[in-house]
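These notes are about the structure you will find just below.
Residue numbers (the working numbering): 1 to 173.
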C-alpha cells in the first residue's frame, strides 16, 4: 500500500473522508511501502484455509494493494462503483489489510469470500476462494442490501463483477 501526502490530499479533494487515525495509517503506509514475500502469502493462505487465485496472488506480490488508477468499474445491472483501496497483505495501515478486513466482515460475508477492496460508501469487493468454477471470481458486496434479522451471511447482496482478478483489473476505467 503506497500513498504519499499528495495522494491523500487528492482523495480528500474528491470528497473521501478519513478520521485522524486512518490518515496517519495511510501516510505511514506510503512512507514505508512493504511488499509481501512468497512466505508471507503462503502463511496467509494457511491462516485462511484457502489458496489465493494465481492472478490475485501475483498482484499482491508485485503491488501489495494500493489505490488503483483508473478506479471505476461497472457492476452489471447496477451501474458504476469506485474502487477506493485494494487491501494489502502487509501494511502499517492495519484497517486496509486483508486480515483485518476478513476479521471485521467474518460474520457478514461467506467464509469462502475474501474482501479485497472497498468503495467510498463502505461496500466491499470480494474474491471467491472456493475451488471449482467460481474460484477467483470478483464480486461486489452491497452493505445496503444486507438482510435485517436474517441468518448471515446473506448472499442476495453479492453481485458478480468479473470472472477473475485480471478481468476485474482490465474492467477498471
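Just so it is clear, CB atoms sit at the ideal spot from N, CA and C, and this is done for glycine as well.
Annotation for residue 118: the continuous beta strand (DSSP E) segment containing it runs 113-118.
Secondary structure of residue 163 (DSSP, three-state): coil. If you look at residue 41, you'll find it in the alpha helix (DSSP H) that goes 38-48. Rounded to whole angstroms, residue 172 and residue 75 show a C-alpha spacing of 11 Å. Shortest Cα-Cα distance from residue 89 to any of 167, 115, 164 involves 115. Contact check for residue 117 against residue 85 passes: the beta carbons are separated by less than 8 Å.
The three-state reading of DSSP puts residue 128 in strand, counting E and B together. Taking the CA atoms as reference points, residue 132 sits about 12 Å from residue 112. Under the three-state reduction of DSSP, residue 87 is assigned to coil, being neither helix nor strand.
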